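Inspection log for the structure reproduced underneath, given as structure tokens.
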Amino acid sequence: MKKLLAAFALFSLFFGAGNLILPPYLGVQAGADWALVAFGFVISAVLIPILGIFAHAKLQGTIYDFGAPLGKVLSLTYAALIYGIALALPAPRTASVTHEMAIMPFADSPYWLTSLVYFSLVLLAALNRSKLLDLFGKITTPGILIVLTALIGMAVFAPEVALAPTTMENPFGSSLLEGYQTFDAIAAVVIGGVLLVSIQKMQAKDNATTANTDQANQSTNPYDLQKSTVRFAAVFSAIALSAIYVGLIYAGAQSQGNIDLESSRSEILQAMAKLFLGNTAPVGLGILVALACFTTATGIVTGTADFVASYFEGPAYVPGTARKVFISVAIAGAILGVLMGQFPVVYIIAIAVPALVFIYPTTIILMALHVLPASWATPKAFKAAVLVCFVVNTPAFLDSLGYPTLQEATALLPLSSQGLAWVLPVLLSVVGVKIFDVFLIKK
Numbered sequence: 045m046k047k048l049l050a051a052f053a054l055f056s057l058f059f060g061a062g063n064l065i066l067p068p069y070l071g072v073q074a075g076a077d078w079a080l081v082a083f084g085f086v087i088s089a090v091l092i093p094i095l096g097i098f099a100h101a102k103l104q105g106t107i108y109d110f111g112a113p114l115g116k117v118l119s120l121t122y123a124a125l126i127y128g129i130a131l132a133l134p135a136p137r138t139a140s141v142t143h144e145m146a147i148m149p150f151a152d153s154p155y156w157l158t159s160l161v162y163f164s165l166v167l168l169a170a171l172n173r174s175k176l177l178d179l180f181g182k183i184t185t186p187g188i189l190i191v192l193t194a195l196i197g198m199a200v201f202a203p204e205v206a207l208a209p210t211t212m213e214n215p216f217g218s219s220l221l222e223g224y225q226t227f228d229a230i231a232a233v234v235i236g237g238v239l240l241v242s243i244q245k246m247q248a249k250d251n252a253t254t255a256n257t258d259q260a261n262q263s264t265n266p267y268d269l270q271k272s273t274v275r276f277a278a279v280f281s282a283i284a285l286s287a288i289y290v291g292l293i294y295a296g297a298q299s300q301g302n303i304d305l306e307s308s309r310s311e312i313l314q315a316m317a318k319l320f321l322g323n324t325a326p327v328g329l330g331i332l333v334a335l336a337c338f339t340t341a342t343g344i345v346t347g348t349a350d351f352v353a354s355y356f357e358g359p360a361y362v363p364g365t366a367r368k369v370f371i372s373v374a375i376a377g378a379i380l381g382v383l384m385g386q387f388p389v390v391y392i393i394a395i396a397v398p399a400l401v402f403i404y405p406t407t408i409i410l411m412a413l414h415v416l417p418a419s420w421a422t423p424k425a426f427k428a429a430v431l432v433c434f435v436v437n438t439p440a441f442l443d444s445l446g447y448p449t450l451q452e453a454t455a456l457l458p459l460s461s462q463g464l465a466w467v468l469p470v471l472l473s474v475v476g477v478k479i480f481d482v483f484l485i486k487k
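Counted from 1, the sequence shown has number 56 at position 12 by the numbering used here; the numbering is strictly sequential.
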């Protein structure tokens, strides 16, 4: 039961604003190529983030441990970048999406008011850590699944229509990169720690309850129990997210002829829901958006506060210095969310592109190396892979900022057209380090 509760919590923490508005948009653009587009999106929006959760299950540490093989300075720099991006972009975007889809259809209210109320509630949830897992696992996830099942079910059983050819120049590559906008690889690094802390608290409570019984003496090793719980949650979330993404992309493709292709992502989701759910769409969609976005924002704020508080004495969930730091960081994160959440979704998505192009490849590399055997994931391999990635990915990063002059330098590399020019050089660097370790050093 506790594993299932953790699985529901992880799914709910993952499923935020981007997870709702991106798949239908891709489906409408994909048309007849919806299956290929779904495959690309699942790779970047499901498999890569779940890889990060498996890395968390193995490390059972903080985001600092992800970058530790790079050295203290680079690891702290990476952590600061991840948490800064998470607080400045995906967390505020959840408030903006909530306003556009759950508030605007019913009331003429300004963005700032929604953002203020929204992040006040996020702060309240973050400060009540003891109820976080129960809140996400028992309340929000069932609500999300009920509304999504209704929407996807109506799309699947609706009369099939002839799908038009895709409007995408590169369906697979576009869907792969669109999956970055879920921020779930970054979320995996951030909220994986939130899940671990919640599981540890749950175990501590159980141990206190059974302290004087034989059950306490026969309890499973805490590391192994946490590892198995997190892995179960990861597999459950991967299956659930994949099914939902494929269903939403298919629903988008089915509604292609009834939706303006120039509509925004939020508008496409609203139109699609109204098409399949009729007059119930505004209410159901508003509830779904509020639940999905709220859980993600709470996970980001809580994860950031947890990390900073971990450098101070005592746990963050009992009175003491660490608790005070946790509260201060959570308040600061909520204030930043209020400020950034006043911008429209389309603006936040646009300014997120350079940040994602810069940080995502490094995050993927760290995740992948951490799940490899220790003989491959040496500090030299980490440093070589990240350095090569930084060099090869620089032209793409500059291009995202509007400076495409260096793009030709990587144009001949495999997968460059998919935005993945860094993959082969990074693989070769890891293999090269392994060969060096095995043959040259031993000699």
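In this text, a Cβ means the ideal position worked out from N, Cα and C, and glycines have one as well. In this text the structure is predicted, and so the values were computed from the model without any measurement.
Counted as a single uninterrupted DSSP element, the alpha helix (DSSP H) harbouring residue 407 occupies residues 389–415. Counting C-beta atoms within 10 angstroms of its own C-beta, residue 190 has fewer than 16 neighbours from the protein chains shown and is therefore classed as exposed.
Less than 8 Å divides the Cβ of residue 55 from the Cβ of residue 285.
Per DSSP, residue 59 lies in no alpha helix (DSSP H) segment and is marked neither H nor E.
By the Cβ neighbour-count rule, residue 267 is exposed, with fewer than 16 other Cβ atoms within 10 Å of its own. Judged by their CB atoms, residue 89 and residue 223 are nearer to each other than the 8 Å cut-off. Counting only runs of 4 or more residues that sit fully inside the stretch 124–184, the alpha helix (DSSP H) segments are 134–142 and 155–171, in chain order.
Judged by pairs of C-beta atoms under 8 Å, the stretch 434–452 touches the stretch 463–476, as three or more such pairs exist. The Cβ neighbour count for residue 203, taken over all protein chains shown within 10 Å, is under 16; the residue is labelled exposed. The beta carbons of residue 315 and residue 307 sit closer together than 8 Å. Between the beta-carbon of residue 477 and that of residue 412 there is about 14 Å, and that puts the pair past the 8 Å contact cut.
It is roughly 43 Å from the alpha-carbon of residue 369 to the alpha-carbon of residue 448. Comparing C-alpha distances from residue 228 to each of 405, 79 and 160 shows the shortest one belongs to 405. Sequence-distant Cβ neighbours of residue 414 in its own chain, meaning closer than 8 Å and more than five residues away, are 99, 102, 103, 110 and 421. Residue state for residue 202 is assigned as coil, using DSSP reduced to three classes.
At the C-beta level, residue 137 and residue 389 come within 8 Å of one another.
Non-local C-beta neighbours of residue 396 in its own chain, meaning closer than 7 Å and more than five positions away in sequence, comprise 133 and 225, ordered along the chain. Secondary structure in the stretch 313–341: no beta strand (DSSP E) run of 3 residues or longer lies completely within the stretch. The alpha-carbon separation between residue 270 and residue 243 amounts to approximately 7 Å. In the structure shown, the three-state DSSP call for residue 299 is coil. Following the DSSP letters along the chain, one finds residue 443 inside the alpha helix (DSSP H) bounded by residues 423–444.
Straight-line measurement puts the Cα of residue 294 at about 9 Å from the Cα of residue 74.
Residues 84, 85, 87, 88, 462, 463 and 464 of the same chain have their beta carbon placed closer than 8 Å to that of residue 220, with the five preceding and five following residues left out of the count. Residue 200 has its alpha-carbon roughly 35 Å from the corresponding atom of residue 166.
With 16 or more other CB atoms across the displayed protein chains lying within 10 angstroms of its CB, residue 63 is buried. One alpha carbon belongs to residue 387, the other to residue 147, and they sit about 15 Å apart. Sequence-distant partners of residue 470 (beyond 5 residues in either direction) whose C-beta falls short of 7 Å from its own C-beta, in its chain, are 409, 429, 432 and 433. With contacts defined as CB atoms closer than 8 Å, residue 139 and residue 341 qualify as a contacting pair.
The three-state secondary structure of residue 448, taken from DSSP, is helix. Where residue 354 is concerned, there is no enclosing alpha helix (DSSP H), because DSSP gives it neither an H nor an E. For residue 168, the closest C-alpha among the options 445, 345 and 303 is that of 345. Taking the C-beta atoms as reference points, residue 97 is found nearer than 8 Å to residue 236. For residue 365, the enclosing alpha helix (DSSP H) has its first and last residue at 365–384.
When the beta-carbon positions are compared, residue 65 and residue 218 stay at least 8 Å from each other.
One alpha carbon belongs to residue 155, the other to residue 164, and they sit about 14 Å apart. 282 is the residue among 337, 282 and 350 whose C-alpha sits nearest the C-alpha of residue 92.
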